[in-house]
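Note sheet for the following structure.
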Amino acid sequence: MSKRKGTTSVGRKILMALSGLFLIVFLLQHCAINFLSVIAPDMFNEVSHFMGTNPLIQYALQPVLAFGVFFHLIMGMYLERQNRNARPIKYAVNKPATNSNWMSRNMIITGIMVMLFMALHFADFWIPELKTKFIDGDMTGMNAAGEFRYMEEMAHEFSNGIRVAIYVVAFVFLSLHLLHGFQSAFQSVGFNHNKFTPTLKKLGTIYAIVIPALFIFIALFHFFNQHA
Amino acid sequence: MNLTLKIWRQKDSKDKGQMVTYNVTDISEHMSFLEMLDVLNEQLVNTGEEPVAFDHDCREGICGMCSLYINGEAHGPDRGVTTCQLHMRMFNDGDTIFIEPFRAKAFPVIKDLVVDRTAFDRIQQAGGYISVNTSGNTQDANAIPIRKANADLAMDAAECIGCGACVATCKNSSAMLFVGAKVSQYALLPQGRVEAKDRVLNMVNQMDKEGFGNCTNTGACEVECPKGISLTNIARMNREYLSASVKED
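Structure (structure tokens):
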């Protein structure tokens, strides 16, 4: 008889892929909202307030997202440990670069770098936001002057050059992670099609470069805006 | 050509093993890699030393018996060939060649360069077959229409000779290209559909029991496979697995 689904190697890789695809969709909307801070600051404030106070987003989608991030991290580390155990004695000479690219072989490194960045990101934005809303009980989204505070808070975080530099490096790692992760997720869920996969791979490459590049641009934009 | 060989020597499965250096001279570029090892072994026998144990059988690239990790690559630096079809012209006079066994927890070393690949046999036994009643009423295979494209894909998957190069080259020692090919060759044919669900679940379970790693889609297996088995077979196995997981008995 078969084991419970999800506990086999194929089941685990499918779950890993599904959580990755979920995070890819989340990243797209996060990037779109952040980009509003460059082109339409007022709209950025309004959308941020909506995202931060809408009950469906706060109490349904946000826990799912937090679980998705946590699951992707824990499962990735678990699989990496299993994979290392599968070859207890290493080769004296090995040339992996002749048959695979660096990104595909180092997902655990790029993934851990992204997760380390997320700890900083949570400390910068998420935890203060939770404190303001759920500990201080301030759901207004306003500052002392009676204006939306989101744009101001973001600009404040990106006024620090070291923090911006860390963000830039982290998004380079995210890009490397996505360069393999995007197309790999489709392969893992069983989608490999002669006609569509080449296009999907190109789309994945574009996504993996453009989205992190936009995040970098947003951080640099706010930094230079304050130091010009 | 004259060569320096650094070969993994291991007395038995319990021995720790080590790399040992040998020199061979007057090797013809037309020799196969295994013939070069035959020359070395003759040399070792003549000097009263234990010859190097390595797997081989057909020496025509179709049996999947030969293995070897040569200079950091499964079946050596050439593409689309097994070690028996790797020719010495791929190397240069004066080269140092590292020769190691296929490394994986599921492929324990028996002696020197010989590894135990019976894990593949057990995976195959778990579902890599079609149950056929052979009591005299067997249906003529040609009586069942099969789409040409599917027949071709099934034949492509069936090209897998089970040599284990996919496992050896995968950074995770994953056997998914092998299992994907075996699942695909039956899943694509009407005769194989009857047992498709049990087959994929049982073969994947057996693969996990053997201690192979997980596939992370690096694609190294496809590049090093001497028979050019495509990654699409792993995707098909994943689809078969997903479908089998949600189907009720």
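Those sequence lines, one after another, are chains L and F. Mapping of the first sequence onto our numbering: position 192 corresponds to residue 218, and the numbering continues sequentially without gaps. Mapping of the second sequence onto our numbering: position 100 corresponds to residue 114, and the numbering continues sequentially without gaps. For every residue, glycine included, the Cβ atom is placed at its ideal position computed from N, Cα and C.
Item                                                                                                                   : Value
DSSP beta-bridge partners of I21/F                                                                                     : V34/F, I113/F
Per-residue contacts from R107/L into chain F (C-beta, under 8 Å)                                                      : Here the premise fails: no neighbours, minimum Cβ distance about 10 Å.
C77/F versus D71/F - alpha carbon distance                                                                             : 7 Å
Straight-line Cα distance separating Q57/F from T35/F                                                                  : 14 Å
Distance between beta carbons of V193/F and N125/L, contact taken as under 8 Å                                         : 19 Å between Cβ atoms; not a contact.
Extent of the continuous alpha helix (DSSP H) run through I41/F                                                        : Run containing I41/F: none; DSSP gives neither H nor E here.
Close Cβ partners of S28/L (< 7 Å) along its chain, the five nearest in sequence each way excluded                     : Low local confidence applies: a pLDDT of 47 at S28/L is under 50, so the model's placement there is unreliable, with the coordinate-based value given in what follows. Once the five neighbours on either side are set aside, S28/L has no close Cβ partner at all.
Secondary structure of D263/F, DSSP reduced to three states                                                            : coil
Helix, strand or coil at G102/L according to DSSP, with G and I counted as helix                                       : helix
Residue burial classification, A191/L (beta-carbon count within 10 angstroms, cutoff 16)                               : exposed
Under 7 Å from the C-beta of D5/F: neighbouring residues of chain L                                                    : Past the edges of chain F, shown from 15 to 263, lies residue 5/F, and the structure says nothing about it.
Close-in-space but distant-in-sequence residues of the same chain around A172/F (CB under 7 Å, 5 per side omitted)     : Q199
V123/F: first and last residue of the uninterrupted beta strand (DSSP E) it sits in                                    : 123-125
Member of F151/L, S201/L, Y117/L, P122/L whose CA lies at the smallest distance from the CA of L32/F                   : In the sequence under discussion, the amino acid at residue 32/F is Gln, which differs from the Leu named in the question. Nearest of F151/L, S201/L, Y117/L, P122/L to Q32/F, Cα basis: Y117/L.
Residue environment, E63/F, which counts as buried when at least 16 other CB atoms sit within 10 Å                     : exposed
Minimum Cβ-Cβ distance from M141/L to chain F less than 9 Å                                                            : no
The region 99-107 of chain L touching the region 124-144 of chain L, judged by at least three CB pairs closer than 8 Å : yes
Residues bridged to S188/F (per DSSP)                                                                                  : G227/F
Short CB-CB distance (under 9 Å) between P168/L and chain F                                                            : The sequence shown places Met at residue 168/L, not Pro. Taking Cβ atoms only, chain F never reaches closer than 9 Å to M168/L, which makes this a no.
Spatially closest choice to R131/L from V208/F, K185/F, T132/F, V197/F, by CA coordinates                              : K185/F
Residue-chain proximity (I115/L, chain F), Cβ-Cβ < 9 Å                                                                 : yes
Chain-ordered residues of the region 34-45 of chain L with a beta carbon less than 8 Å from chain F                    : T34, S35, V36, G37, R38, K39, I40
Members of the region 197-228 of chain L near chain F, C-beta cut-off 7 Å                                              : S210, Q213, S214, V215, G216, F217, N218
Separation of L240/L from F197/L, as counted between CA atoms                                                          : 9 Å
Per-residue burial, S149/F [other beta carbons within 10 Å of its own, 16 or more giving buried]                       : exposed
Buried or exposed (CB count within 10 angstroms, at least 16 for buried), S27/F                                        : exposed
Spatial distance of F160/L from L105/L (CA atoms)                                                                      : 36 Å
Whole-number beta carbon distance between K119/F and N111/L, since they are thought to touch under 8 Å                 : 7 Å
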